[in-house]
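Here the structure comes first, spelled out in structure tokens, and everything after it is commentary.
Number of protein chains: 2
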Amino acid sequence: MAEQGKQKKLVEAITSMEQDFAQWYTDVVKKAELVEYTSVKGCLVIRPYGYAIWEHMQRIMDEMFKATGHENVYMPLFIPESLLEKEKDHVEGFAPEVAWVTHGGQEALEERLCIRPTSETLFCEHYAHIIQSWRDLPKLYNQWVSVVRWEKTTRPFLRTREFLWQEGHTIHASAEEAMEETRRMLEIYVRFFEESLAIPVVTGPKTESDKFAGAVTTLALEAMMHDGKALQTGTSHYFGDGFAKAFGIQYTGKDNQLAYPFQTSWGTTTRMIGALIMTHGDDSGLVLPPAVAPIQVIVVPVAMQKPGVLEAAQALTERLQAFCRARMDASANSPGWKFAQHEMKGVPLRLELGPRDLEAQHCVLVRRDTGEKTIVDLHALEETIPQLLQSIRDTLYQRALENQKRHTYRCNSLEEIKRELAEKGDGFVYAMWCGEEACEDGVKEATGIGSRCIPFAQEQISGTCVCCGKTAKHMVCWANAY
Amino acid sequence: MAEQGKQKKLVEAITSMEQDFAQWYTDVVKKAELVEYTSVKGCLVIRPYGYAIWEHMQRIMDEMFKATGHENVYMPLFIPESLLEKEKDHVEGFAPEVAWVTHGGQEALEERLCIRPTSETLFCEHYAHIIQSWRDLPKLYNQWVSVVRWEKTTRPFLRTREFLWQEGHTIHASAEEAMEETRRMLEIYVRFFEESLAIPVVTGPKTESDKFAGAVTTLALEAMMHDGKALQTGTSHYFGDGFAKAFGIQYTGKDNQLAYPFQTSWGTTTRMIGALIMTHGDDSGLVLPPAVAPIQVIVVPVAMQKPGVLEAAQALTERLQAFCRARMDASANSPGWKFAQHEMKGVPLRLELGPRDLEAQHCVLVRRDTGEKTIVDLHALEETIPQLLQSIRDTLYQRALENQKRHTYRCNSLEEIKRELAEKGDGFVYAMWCGEEACEDGVKEATGIGSRCIPFAQEQISGTCVCCGKTAKHMVCWANAY
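Taken in sequence, the protein lines are chains Z and W. Position 296 of the first sequence, counting from 1, maps to 1425 under the numbering used here, and the rest follow consecutively. Position 7 of the second sequence, counting from 1, maps to 1136 under the numbering used here, and the rest follow consecutively.
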């Protein structure tokens, strides 16, 4: 009875998005078996299915990083308090939210160590050791690690006290080269988001008040979730020579003069899994873009007790594995239960194969994104499946782009912003800004939404700031955000 | 002048192994640019070249794990003190050497959190959440993470306060299945060591006193370093149902009865890089087995200012990249300087290409392991290079095996042990043991060497314990160890 109850629970409907988006999200991360809670608040177990998504993200991005000359390294987990304090803005930004190690074994440490919330200070200490000459530049480094930030409120993938990420850190002889790197890495992120995650993004610099602690410029990727809220999904920072000066990193130039080099850092995190869920998911659960789906095609044998069905499905699965990530579900569960479970897990394609299909030498392919069923000749699968997977990526991307467009409001006044949000719900508000922090705060106070970035794709919506009416400098993308 | 001085330093001879093995080791890890020290004792930067070796190790092992049904997960960094304390032996073994987090942001934590020294307790907490029925078993998990153990004395790769590793954790319905897993993973490690690292190992259970904290049985891999000392390079533990009972993990069996499952864990670490250095290295630096070498073939153009040389070397490098990890060194340094540097870095093959070679349509291939030079037809490289790489692996393995055999002493008495060690230097001592801890301590006291494992390949050296003279139960492998 308990067993049956448990089986039933797995196909039980999750909360609908319309009814309660936050609860829907929590249901999906649990029922798709992405994470499990632990006894430490904000620290989660990433389960095999969730971790496999991350591994696919890692593999694709790591290839892009290496193809552009970056090398992976590993920096220590610990930052001595005195090292964290070397760059003034940086310590102000991070010290309030770090975890402190005070004891090693039975002994109190002479100096507290924080667990890295980000590793600029560690890279700087290392650069100071290894960089002497212009010949040592540039260094293009990256690492895949976890970091810790002691957040007060937490949500799976979106905001956790420990999270996995990659952090790129580079150092260059000239400001131009470092700025170019900052932009190049943003472009790599954009390409990854669009091609692999099927998520359109708005990109541009953050305003002064919203920059990374210690950065001269922070470029950000902002994605729109299904509910119209913004999610910052990646950042690329240009540091100028501020860190180099704080950490005493100098090199001898070709002119035999000592000079300070210029730095960047850039990062993306397991938050991208949250972005996938909230961009593509639906009331049946997760919907995964094929590039990062742990299983791209789930083969479900129908009437599998009939002679030959299971063997044929097994042989077919092995054939598919030559060109896609296919798996067979030969468990004792009913086909209907399997359909629901693999929908919950967001598997892009389901292949159904029964005795009658075998006789006719075809099978049924069902798309997770549209639910569309196609009967396909068994001999045509090498051609059809890659096409369908590409089409699923394209459909997901188009849908997300349409959602973004539908919920992007161009506004000329605070009143208009409030009206649009009230009528159409959350979204990206494009409105002009004079560049003053007071007006950034003013918009937030009046409308509740904050600046996300100053999009590279500027539009001249009007000539004046929506807040003070003075001459506008930029069009800002404003939104409620996760 | 400073520039020239620096170039010179790179080709300066390192300390010879004979003169000072410990200093030789330190020189190699620094000059081959594997690691760099930081301001936190025992926490090192793993530099790109060192990390690339680790990435190749990871890739090969991860494939082996996945091919045997294991899935990767991610468990949190933190273990609450109360969770660490649940299994008595385990906490006794690890509590004295963990790092404690006491503050998050500005606030003192209600309960201290230790940074994982190993993750059995975290996996157990998770199993208790997700395992209810026999259908949920087995779970075959692994994770690639860093762990922290607050060691007093530290050495790069061999003993560091933070190190990288993989820890496999599995849970099974029966003791037999768990024991089988324990052995299977040891076998996978042996295969990896022999095939990919070219390192022969002695394997067998640890004695009772030397087991992992909380294990019923610990199987170990012991490798012999160039200086005759032992290095434990991997372990595979069988836990019985001890952890399950301590953590209240139960499942409903097919018979509808509640039962405790059985667990294993197994791990290998960045210490394997230390094993590579001390097994294959020589007075010119690192010698890397091809399977994990970041660069397998370094192409050095000779007289590269001559027309056509650089272009030909570039084209050749690209051709080689289709079947091996090839790179060209077109830097402004002299060929001799380049030869020395790539020898220091242990690149298995060097390919020299000059104007006269081009004319004759051949090149010179130089093996790092033997120094042997071969003139090879440019058209034969697709055939010759893979053969040479395989031959380098075989030669390294044979040499290491011969070193191990030459320094394995079969002894019948404590006197004989002392004499052999005094005459022939450190090595593996095979000698009989009665099974009593007092005699294990006795051997250590009398000869200075400790038990490494009870080799699976038992030999009947004599019938009596070398220490007490009573009937012997096992032949033990004893040695000085890192």
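Yeah, the Cβ is synthetic: ideal placement off N, Cα and C, and Gly gets one too.
Three-way DSSP call (helix, strand, coil) for residue i in this model
i                  : result
Ser-1580 (chain Z) : strand
Glu-1506 (chain W) : Before going on, a small fix: residue 1506 (chain W) reads as Asp here, not Glu. In the structure shown, Asp-1506 (chain W) sits in a strand (DSSP, three-state: E or B).
His-1491 (chain Z) : strand
Cys-1568 (chain W) : helix
Gln-1295 (chain W) : strand
Arg-1497 (chain W) : coil
Leu-1439 (chain W) : helix
Gly-1371 (chain W) : helix
Thr-1155 (chain W) : helix
Ile-1175 (chain W) : strand
Gln-1361 (chain Z) : strand
His-1199 (chain W) : coil
Arg-1290 (chain Z) : coil
Thr-1600 (chain Z) : strand
Gln-1148 (chain Z) : coil
Thr-1283 (chain W) : coil
Ile-1612 (chain Z) : As displayed, chain Z neither begins before 1130 nor continues past 1611, which places residue 1612 (chain Z) out of reach and without an answer.
Ile-1300 (chain W) : strand
Gln-1133 (chain Z) : Only weak support exists for where Gln-1133 (chain Z) lies, its pLDDT of 43 falling under 50; the value from the coordinates is given anyway. Looking at Gln-1133 (chain Z) - three-state DSSP - the assignment turns out to be helix.
Range covered by the beta strand (DSSP E) that runs through residue i
i                  : result
Leu-1517 (chain W) : Premise fails: Leu-1517 (chain W) lies in the alpha helix (DSSP H), 1510-1535, not in any beta strand (DSSP E).
Val-1558 (chain Z) : 1557-1562
Leu-1478 (chain W) : 1478-1482
Pro-1334 (chain W) : 1331-1334
Ala-1455 (chain Z) : 1455-1457
Enclosing alpha helix (DSSP H) for residue i [first to last residue]
i                  : result
Tyr-1166 (chain W) : Careful: Tyr-1166 (chain W) lies outside any alpha helix (DSSP H), inside the beta strand (DSSP E) at 1164-1166.
Glu-1351 (chain Z) : Looking at the DSSP string, Glu-1351 (chain Z) is not in any alpha helix (DSSP H); the run it does join, the beta strand (DSSP E), is 1346-1353.
Lys-1610 (chain W) : In the sequence under discussion, the amino acid at residue 1610 (chain W) is Ala, which differs from the Lys named in the question. First-last for Ala-1610 (chain W): undefined, no H or E at that position.
Ala-1161 (chain W) : Premise fails: Ala-1161 (chain W) is in no alpha helix (DSSP H) and is neither H nor E.
Ile-1546 (chain Z) : 1543-1553
Glu-1316 (chain Z) : 1304-1320
Met-1473 (chain W) : 1464-1473
Residue closest to residue i, alpha-carbon to alpha-carbon, out of the options
i                  : options                                           : result
Arg-1497 (chain W) : W:Lys-1599, W:Leu-1518 and W:Arg-1485             : W:Leu-1518
Leu-1445 (chain Z) : Z:Met-1473, Z:Ala-1352, Z:Glu-1481 and Z:Lys-1474 : Z:Glu-1481
Glu-1296 (chain Z) : Z:Asp-1412, Z:Val-1202 and Z:Trp-1562             : Z:Val-1202
Val-1277 (chain W) : W:Ile-1244, W:Pro-1515 and W:Trp-1395             : W:Ile-1244
Cys-1453 (chain W) : W:Ala-1459, W:Ile-1504, W:Pro-1477 and W:Arg-1485 : W:Pro-1477
Ala-1161 (chain Z) : Z:Glu-1588, Z:Gly-1475 and Z:Leu-1525             : Z:Gly-1475
His-1409 (chain Z) : Z:Ala-1388, Z:Val-1220 and Z:Tyr-1154             : Z:Tyr-1154
Val-1158 (chain Z) : Z:Cys-1540, Z:Leu-1543 and Z:Asp-1412             : Z:Asp-1412
Ile-1260 (chain Z) : Z:Gln-1152, Z:Leu-1387 and Z:Gly-1577             : Z:Leu-1387
Gln-1361 (chain W) : W:His-1301, W:Glu-1200, W:Asp-1370 and W:Ile-1328 : W:Ile-1328
Lys-1534 (chain W) : W:Glu-1552, W:Ala-1302 and W:Val-1558             : W:Val-1558
Gln-1235 (chain Z) : W:Lys-1217, W:Phe-1252, W:Glu-1280 and W:Ser-1275 : W:Glu-1280
Val-1164 (chain W) : W:Gln-1152, W:Tyr-1180, W:Phe-1150 and W:Lys-1170 : W:Tyr-1180
Arg-1541 (chain W) : W:Val-1595, W:Ile-1189 and W:Thr-1398             : Per the sequence presented here, residue 1541 (chain W) reads as Asn, with Arg not at that position. The shortest C-alpha separation from Asn-1541 (chain W) is found at W:Val-1595.
His-1199 (chain W) : W:Gln-1589, W:Pro-1285 and W:Ile-1317             : W:Ile-1317
Glu-1440 (chain W) : W:Ile-1427, W:Val-1426, W:Met-1457 and W:Gln-1450 : W:Met-1457
Ala-1342 (chain W) : W:His-1301, W:Glu-1565 and W:Ser-1248             : W:Ser-1248
Cβ neighbour criterion (16 or more within 10 Å) applied to residue i
i                  : result
Asp-1384 (chain Z) : exposed
Gly-1403 (chain Z) : buried
Ile-1504 (chain W) : exposed
His-1508 (chain W) : exposed
Pro-1225 (chain W) : exposed
Gln-1470 (chain Z) : buried
Asp-1149 (chain Z) : exposed
Asp-1523 (chain Z) : exposed
Residue i: CB within 7 Å of a non-hydrogen atom of the ligand MG
i                  : result
His-1232 (chain Z) : By its list of ligands, the structure shown contains no ligand whatsoever, and the ligand MG lies outside what it can speak to.
Contact with chain C by residue i, beta-carbon distance below 8 Å
i                  : result
Cys-1594 (chain W) : In the displayed structure, chain C is absent; the protein chains listed are Z and W.
Complete runs of the beta strand (DSSP E) confined to the segment 1374-1427 of chain Z [at least 3 residues] = 1391-1398
Tell me the start and end of each unbroken beta strand (DSSP E) in the segment 1201-1280 of chain Z that is at least 3 residues and wholly inside, in chain order.
-> 1207-1209, 1228-1233, 1236-1244 and 1268-1277
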